[in-house]
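Residue numbers (this note's numbering): 6 to 469.
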Amino acid sequence: MNAPFEPLPLAARSKAPLVPSLERRRLRAYLYLLLADCLCILGGFGLAEWLYLGELPNNRALIEAQLLLPLYLTIALYQSCYSIRALSERHYAIWRMVAALVISAALLNFIAFYTKSNESFSRGTFTLGMLFAGLSMAGMRDLAIRLVRRNWGPSVRNILVIDDGGPEFHLPHAMHIDAAEHGLVPSMEDPHALDRLGRYLANQDQVIVSSPFERREHWSFVLRAAGVHGEVISATAELMGVVGVNRYEALGKTGLVVAIGPLGLRARIAKRLFDVLSAGAALLVFAPLLLLIALAIKLEDRGPVLFIQRRLGQGNRFFEMYKFRSMRVELGDADGNRSASKDDDRVTRVGNFLRRTSLDELPQLINVVKGEMSVVGPRPHALGSQAGDKLFWEVDGRYWHRHSLKPGLTGLAQVRGLRGATDEEIDLSRRLQSDLEYISHWSLWGDLRIVFRTLRVLVHDRAF
């Protein structure tokens, strides 16, 4: 541990915590939001009774709301409807509330059906009541988040970042202090040092320390003793791409998780169903167009209709990717060493049209049905593809990470306009960043958004 040092004078030590606690504020906000939900549900069903039946709210409307309330509140608690994220993220708060409301309504109807008490329910009143309650609860969450931001600032948590000479680390909306300037030392040998540090850590929801390697163990020890949520920045973990830790209690060892493997089973099933259904439907719908394109290619130069090229797929394994041939047969580039450019003499007249409209990619629907590709994912590259004068993987070693998912017909990079020739290394770096972002934040809704955005950029100027 560090050598003993002289404690700071008593006058130099602050007696008050660095920041006031936000925990009680958050608890009050959760309670107000819960009470507002109760009023919205009761008021929504009362308003529905009055509008639908033309009667003032009576016991029947109140009974429906009162039966729904305990179910909703129970599910809402499990859905984290009253949490830190619910006070700071509008979309999260509203969608969690909607999910809890829908689940509780379905459960109430299920119970009413099996207890044969649903005859007393008015379907019109119940539907309108749910609608009014949901809209008013969404409005209350929007208002709550606005009030929290106005009165509390941009963050609903107290976050302290202590710079002790480690890797540079700046976190928005956090308080940053220099350990040396404030006399903070991770020593377990001096009660005065611990007292001073404890006052800085008081009321903090999260404490992050950036220190040199030789002091990280000391800071870890001190943070555990302080009983706070503490983190220590590690440049080594960043270089390794650590995404989590796994504690083996029986062995007394900790493993650094550097890869999380494929998507979970449910996610893989959902993505595969989406791929098969959408690609299969597209093949049926576009069958006449596919035949016309094949005929046009054949009539132009009598060459093959398809261009089949080996590409890197999921798990860095090769697969044969299909495209409509857009270049002259004798000048084709099987390895992709030379990217197509504007006014490229290798491109045929039909091929020029196909490239500009992205129709040359349609045969990849077959790859999707075969399971070699997905509708959405990082675009597959030819082995000889270069950015500047370097092969793609020579520009950035993380290039191989993009192959943890199946390659796609379209992707996040494409809808952001990052397509066409990679004349400079930065062109690849930007695409790679988008691909890795897509993999890290995959969701089925995200795939749907990318598909709809793709429809707007099918015709583009960077396709040659």
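In this text, a Cβ means the ideal position worked out from N, Cα and C, and glycines have one as well. Computed from a predicted structure; not experimentally measured.
C-beta atoms of residue i and residue j nearer than 8 Å
| i | j | result |
| --- | --- | --- |
| VAL3 | ARG252 | Past the edges of the chain, shown from 6 to 469, lies residue 3, and the structure says nothing about it. |
| PRO162 | LEU27 | Contrary to the premise, residue 162 reads as Arg rather than Pro in this sequence. Going by C-beta atoms, ARG162 is nearer than 8 Å to LEU27. |
| THR259 | VAL247 | no |
| LEU437 | ASP401 | yes |
| ILE298 | LEU359 | yes |
| ALA53 | GLY158 | no |
| SER215 | ASP168 | yes |
| GLN419 | ARG461 | no |
| ASP440 | ARG407 | yes |
| MET193 | VAL153 | no |
| LEU92 | ALA275 | no |
| ASP306 | SER379 | no |
| GLY203 | ALA179 | no |
| ILE108 | ILE80 | yes |
Assigned secondary structure, residue i (DSSP; H/G/I helix, E/B strand, else coil)
| i | result |
| --- | --- |
| PRO14 | Interpretation of PRO14 is limited by its pLDDT of 45, a score under 50 that renders its predicted location unreliable; the figure taken from the coordinates is listed afterwards. DSSP places PRO14 in coil when its eight states are reduced to three. |
| ARG424 | coil |
| VAL166 | strand |
| LYS258 | strand |
| ASN7 | Any reading at ASN7 is ruled out, since the residue's pLDDT is 42, under 50, leaving its predicted position unreliable. |
| ILE431 | helix |
| PHE469 | With a pLDDT of 43 at PHE469, under the threshold of 50, the modelled position of that residue is not reliable, and no figure is offered here. |
| GLY246 | coil |
| GLY139 | helix |
| VAL227 | helix |
| ARG461 | coil |
| LEU414 | strand |
| ILE238 | coil |
| SER363 | coil |
| ILE213 | strand |
Best match in the options for proximity to residue i [C-alpha to C-alpha]
| i | options | result |
| --- | --- | --- |
| ALA198 | SER439, ALA185, GLU254 | ALA185 |
| GLU399 | ARG384, LEU433, VAL420 | LEU433 |
| GLN209 | VAL227, VAL166, LEU244 | VAL166 |
| LEU23 | ARG201, THR130, PHE131 | ARG201 |
| PHE50 | ALA117, ILE68, ARG273, LEU189 | ILE68 |
| ARG458 | PRO368, ARG421, LEU300 | ARG421 |
| GLY188 | TYR205, GLU194, ALA179, MET180 | TYR205 |
| LEU113 | LEU82, GLY129, GLN71 | GLN71 |
| LEU288 | GLU305, ASN321, LEU367 | LEU367 |
| LEU56 | ILE108, THR120, GLU243, SER127 | SER127 |
| SER445 | LEU148, ILE265, ALA41, GLU430 | ILE265 |
| ILE89 | GLN211, PRO191, ARG330 | GLN211 |
| THR353 | ARG333, THR362, ARG361 | ARG333 |
| LEU58 | ALA138, THR120, LEU268, GLY129 | GLY129 |
| VAL263 | GLY269, LEU282, GLU243 | GLU243 |
| CYS45 | ARG31, TYR83, ALA98, ALA143 | ALA143 |
| LEU430 | LEU453, GLY451, TYR404, ASP452 | Here the sequence assigns Glu to residue 430, which means Leu is not the residue at that position. When each option's Cα is compared against that of GLU430, the closest is TYR404. |
| HIS181 | ILE164, LEU300, GLY376, ASP195 | ILE164 |
| LEU82 | GLY285, ALA387, ALA105 | ALA105 |
| ARG101 | ALA301, ALA110, GLN84, LEU256 | GLN84 |
Residue i: CB within 7 Å of a non-hydrogen atom of the ligand NAP
| i | result |
| --- | --- |
| GLY134 | What this structure holds is no ligand at all, so the ligand NAP is not there to describe. |
Proximity test, Cβ basis, 8 Å: residue i and chain C
| i | result |
| --- | --- |
| PRO177 | You won't find chain C in this structure, because it holds only one protein chain. |
(request) Ignoring anything shorter than 4 residues or poking outside the segment 271–357, list the alpha helix (DSSP H) runs there in chain order. (result) 292–306
(message) With a threshold of 8 Å, are at least 3 pairs of Cβ atoms found where one atom belongs to the segment 370–384 and the other to the segment 404–414?
(response) yes
(message) I want to know whether the segment 322–332 touches the segment 299–314 - three or more CB-CB distances under 8 Å.
(response) yes
(message) At 4 residues or longer, what runs of the alpha helix (DSSP H) sit wholly inside the segment 32–99?
(response) 64–83
(message) When you compare the segment 171–178 with the segment 71–80, are there three or more beta-carbon pairs, one atom per stretch, that lie closer than 8 Å?
(response) no
(request) List in chain order: all unbroken alpha helix (DSSP H) runs of 4+ residues lying wholly within the segment 368–402. (result) 369–375, 397–400
(request) Would you list, in sequence order, the uninterrupted beta strand (DSSP E) runs of no fewer than 3 residues that lie entirely inside the segment 158–209? (result) With a minimum length of 3 residues, the continuous beta strand (DSSP E) runs that stay inside the segment 158–209 are 164–168, 180–183.
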